[in-house]
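K.L.:
Going down the list, the sequences are from chains S and R. Final position of the first sequence in the numbering used here is 478; the numbers increase by one with none missing. Final position of the second sequence in the numbering used here is 478; the numbers increase by one with none missing. Think of the CB as a built atom: it goes at the ideal place given N, C-alpha and C, for glycine as much as any other residue. Okay, handing you the structure first.
There are 2 protein chains.
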Amino acid sequence: MKNDGKNRLETMIGKLKGNGYKITPQRLAILKILSTSIGHPSVEKIYEQVKKNFPTISRATVYKNILVIKDLGEVLELAFSNDSNRYDGHLPHPHPHAICTECKKIVDSELEILKDFTQKVREETGFRIYDHRIDFFGLCPDCQKNKE
Amino acid sequence: MKNDGKNRLETMIGKLKGNGYKITPQRLAILKILSTSIGHPSVEKIYEQVKKNFPTISRATVYKNILVIKDLGEVLELAFSNDSNRYDGHLPHPHPHAICTECKKIVDSELEILKDFTQKVREETGFRIYDHRIDFFGLCPDCQKNKE
DNA sequence: TCTTAAATAATAATGATTATCTTTTATTTG
DNA sequence: CAAATAAAAGATAATCATTATTATTTAAGA
Chain S
331 MKNDGKNRLE
341 TMIGKLKGNG
351 YKITPQRLAI
361 LKILSTSIGH
371 PSVEKIYEQV
381 KKNFPTISRA
391 TVYKNILVIK
401 DLGEVLELAF
411 SNDSNRYDGH
421 LPHPHPHAIC
431 TECKKIVDSE
441 LEILKDFTQK
451 VREETGFRIY
461 DHRIDFFGLC
471 PDCQKNKE
Chain R
331 MKNDGKNRLE
341 TMIGKLKGNG
351 YKITPQRLAI
361 LKILSTSIGH
371 PSVEKIYEQV
381 KKNFPTISRA
391 TVYKNILVIK
401 DLGEVLELAF
411 SNDSNRYDGH
421 LPHPHPHAIC
431 TECKKIVDSE
441 LEILKDFTQK
451 VREETGFRIY
461 DHRIDFFGLC
471 PDCQKNKE
């Protein structure tokens, strides 16, 4: 059973309060976006969104809030070297993604064989593994159509 | 049967010549390092190495050469957002890696189930997939020992 | 050997993210 | 409820790997 945005938001707020963080209006606005977005927004996207209600907000505020929420394990950061980071506050645990190289869309994936996979890597390399990053790159259905 | 460094080097040189690129001493030195290293060196590591024989070499030369070789598909680039890129000229096709978060060691992995994995993502998302990036993060055996 | 397009080397520019610092504000406590 | 204070916001500067630029040098074919 997946958490809906409401529950995610409450979880996030609870975690922040429990760790002594204040709930400011700007922070709340950022939390709302992170908890409800399934499109893996960038800082810029979040900034533009929040700006509608808080015209004086600074990009730095968005960055700092995301850092706090990330450190509490409530948002997954997908960092790219040549593009801005993208954030998933809806499914904050590592999971595979399909990334469209054309429109930069990012789609979640849930794969059962992932556990076997991790176990195999463990056996093969002797690493103690505690995180992963699995991205598949290609064309999403929309962009495939547009290329015809 | 894996290519040894020698064969890899010859393959790279052939591809460069075949595409009208000149073989300069600096370029050759970079090719040699890329073709023989199994440790996934960074630009800085390559730069320091080449500098021993070519004290006046510029970092820009290393960057530009890697770009050329990468565009010819002869080196795999592993880009990180908070760390320098790392390069694999030994196995230039996408494959899973185990990355030590302590010492930054990068170990190759060959996994058979990868094909099933990719097929599953294809079915699940409708993407036309042509590339992937699979990283497992953790502690390598050496760093596990040092933590005891 | 000469020619010329490409490569090198030095340096400036880029751009996302982080750091710094002052002002403002959420929350606690008397 | 007001005052105190620690944290957050906002503005702006700094960072740092990578890319772009430009003048000089050089590999390789004629």
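Count the other C-beta atoms from every protein chain shown that fall within 10 angstroms of the C-beta of S388(R), then say buried if there are 16 or more, exposed otherwise.
P.N.:
The count along the second sequence starts at 1 and reaches residue 388(R) at position 58. By the 10 Å Cβ count, S388(R) comes out exposed.
K.L.:
Please state whether the Cβ-Cβ distance between I443(S) and I443(R) is less than 8 Å.
P.N.:
The count along the first sequence starts at 1 and reaches residue 443(S) at position 113. The count along the second sequence starts at 1 and reaches residue 443(R) at position 113. Contact flag set, yes.
K.L.:
Which same chain residues end up closer than 6 Å to H462(S) when comparing Cβ atoms and leaving out the 5 residues on each side of it in sequence?
P.N.:
As a first step, residue 462(S) is located in the first sequence; it is residue number 132 there, counting from the start. Answer for H462(S): P424, listed in chain order.
K.L.:
Mind checking whether F447(R) and I459(S) have CB atoms under 8 Å apart?
P.N.:
Residue 447(R) sits at position 117 when you count from the first residue of the second sequence. Residue 459(S) sits at position 129 when you count from the first residue of the first sequence. For F447(R) and I459(S), no; Cβs fall outside 8 Å.
K.L.:
Hey, how far is the Cα of K445(R) from the Cα of D413(R)?
P.N.:
Numbered from 1 along the second sequence, position 115 holds the residue referred to as residue 445(R). Numbered from 1 along the second sequence, position 83 holds the residue referred to as residue 413(R). Using only the alpha carbons, I get a separation of about 29 Å.
K.L.:
Are there three or more Cβ pairs, one per stretch, closer than 8 Å when the region 396-412 of chain S is compared with the region 432-439 of chain R?
P.N.:
Because the criterion of three Cβ pairs below 8 Å is not met, the region 396-412 of chain S and the region 432-439 of chain R do not touch.
K.L.:
Would I343(R) pass as a contact of I360(R) if the rule is Cβ separation under 8 Å?
P.N.:
If you number the second sequence from 1, residue 343(R) lands on position 13. If you number the second sequence from 1, residue 360(R) lands on position 30. No.
K.L.:
What do you get for L397(S), buried or exposed, if any count of 16 or more other CB atoms within 10 angstroms of its CB means buried?
P.N.:
In the first sequence, the residue the question calls residue 397(S) occupies position 67. Counting Cβ neighbours within 10 Å, L397(S) comes out exposed, since fewer than 16 surround it.
K.L.:
Can you name the start and end residues of the alpha helix (DSSP H) that A359(S) belongs to?
P.N.:
Here residue 359(S) is taken as the residue at index 29 of the first sequence, counted from 1. P355 to T366 is the extent of the alpha helix (DSSP H) around A359(S).
K.L.:
Could you spell out where the beta strand (DSSP E) holding I464(S) opens and where it closes?
P.N.:
Mapped onto the first sequence, residue 464(S) falls at position 134. R458 to L469 is the span of the beta strand (DSSP E), which, as asked, contains I464(S).
K.L.:
So, does the CB of I464(S) fall closer than 8 Å to a CB anywhere in chain R?
P.N.:
Position 134 of the first sequence, counted from the start, is the residue given in the question as residue 464(S). Closer than 8 Å: yes.
K.L.:
From the DSSP output, read off the bridge partner residues of Y417(S).
P.N.:
Numbered from 1 along the first sequence, position 87 holds the residue referred to as residue 417(S). Y417(S) is bridged to E407(S).
K.L.:
Does chain R have any CB closer than 8 Å to the CB of S367(S)?
P.N.:
On the first sequence, residue 367(S) is found 37 positions in, with the first residue counted as 1. Taking Cβ atoms only, chain R never reaches closer than 8 Å to S367(S), which makes this a no.
K.L.:
For V381(R), which residues in the same chain have their Cβ closer than 7 Å to its Cβ, ignoring the five residues on either side in sequence?
P.N.:
By 1-based counting over the second sequence, the position of residue 381(R) is 51. The sequence shown places Lys at residue 381(R), not Val. Contacts found: I387.
K.L.:
When DSSP labels each residue in this structure, what does C473(R) get in the three-state scheme?
P.N.:
In the second sequence, residue 473(R) corresponds to position 143, counting from 1. Three-state DSSP puts C473(R) in a helix.
K.L.:
For E407(R), collect the residues of the same chain with a Cβ closer than 7 Å to its Cβ; drop the 5 residues on either side in sequence, then sort them by chain order.
P.N.:
Taking the second sequence and counting its residues from 1, the one referred to as residue 407(R) is at position 77. Here the set comprises K400, N415 and Y417.
K.L.:
Quick check on DSSP: helix, strand or coil for I376(S)?
P.N.:
What you label residue 376(S) is simply residue 46 of the first sequence in a count that begins at 1. In the structure shown, I376(S) sits in a helix (DSSP, three-state: H, G or I).
K.L.:
Cβ atoms of E404(R) and G419(R): under 8 Å apart, would you say?
P.N.:
Along the second sequence, read from residue 1 onward, the residue named residue 419(R) stands at position 89. Along the second sequence, read from residue 1 onward, the residue named residue 404(R) stands at position 74. Taking 8 Å as the Cβ cut-off, G419(R) and E404(R) qualify as a contacting pair.
K.L.:
Using the Cα positions of S367(R) and P471(S), report the straight-line distance between them to the nearest angstrom.
P.N.:
As a position in the second sequence, residue 367(R) is number 37, starting the count at 1. As a position in the first sequence, residue 471(S) is number 141, starting the count at 1. Taking the straight line from one Cα to the other gives about 39 Å.
K.L.:
Express the C-alpha separation of N337(R) and G348(R) in angstroms, rounding to a whole number.
P.N.:
By one-based count along the second sequence, residue 348(R) stands at place 18. By one-based count along the second sequence, residue 337(R) stands at place 7. Cα to Cα, the separation comes out at about 16 Å.
K.L.:
Would you list the residues sitting across from H423(R) in a DSSP beta bridge?
P.N.:
Residue 423(R) sits at position 93 when you count from the first residue of the second sequence. None; H423(R) has no bridge partner.
K.L.:
So if I threshold CB-CB distances at 8 Å, which residues from the region 404-430 of chain R count as touching chain S?
P.N.:
The residues in question are A409, F410, S411, N412, N415, P426, A428 and C430.
K.L.:
Determine the burial state of I353(S): buried for a count of at least 16 other Cβ atoms within 10 Å of its Cβ, exposed for fewer.
P.N.:
Working through the first sequence from its first residue, we reach residue 353(S) at position 23. Result: exposed.
K.L.:
For I443(R), name the three-state secondary structure that DSSP assigns.
P.N.:
Sequence index remark: in the second sequence, residue 443(R) carries index 113 (1-based). Coil, per DSSP.
K.L.:
For I396(R), which of helix, strand or coil comes out of DSSP?
P.N.:
Taking the first residue of the second sequence as 1, we reach residue 396(R) at position 66. It is helical.
K.L.:
In angstroms, rounded to a whole number, what distance separates the CA positions of R393(S) and L364(S)?
P.N.:
Along the first sequence, one-based indexing puts residue 393(S) at 63. Along the first sequence, one-based indexing puts residue 364(S) at 34. Strictly speaking, residue 393(S) in this sequence is Tyr, with Arg absent from that position. Answer to the nearest angstrom: the Cα atoms are 13 Å apart.
K.L.:
Would you say G456(S) reaches chain R, if we count a Cβ-Cβ gap shorter than 8 Å as a contact?
P.N.:
In the first sequence, residue 456(S) corresponds to position 126, counting from 1. Interface residue, yes.
K.L.:
For chain S, check one thing: does any of its Cβ atoms lie closer than 8 Å to the Cβ of I459(R)?
P.N.:
Within the second sequence, residue 459(R) is the residue found at index 129, counting from 1. Cβ-Cβ to chain S under 8 Å: yes for I459(R).
K.L.:
May I ask you to report which of helix, strand or coil DSSP gives I343(R)?
P.N.:
What you label residue 343(R) is simply residue 13 of the second sequence in a count that begins at 1. Helix.
K.L.:
Starting from Q449(S), find everything on chain R with Cβ-Cβ shorter than 9 Å and list it in chain order.
P.N.:
Residue numbering aside, residue 449(S) sits at position 119 when the first sequence is read from its first letter. Per Cβ cutoff of 9 Å: no residues; Q449(S) is ~11 Å from chain R at best.
K.L.:
Chain R beta carbons: is any one of them nearer than 8 Å to that of P276(S)?
P.N.:
It is not possible to answer for residue 276(S), since the shown part of chain S is limited to 331 through 478.
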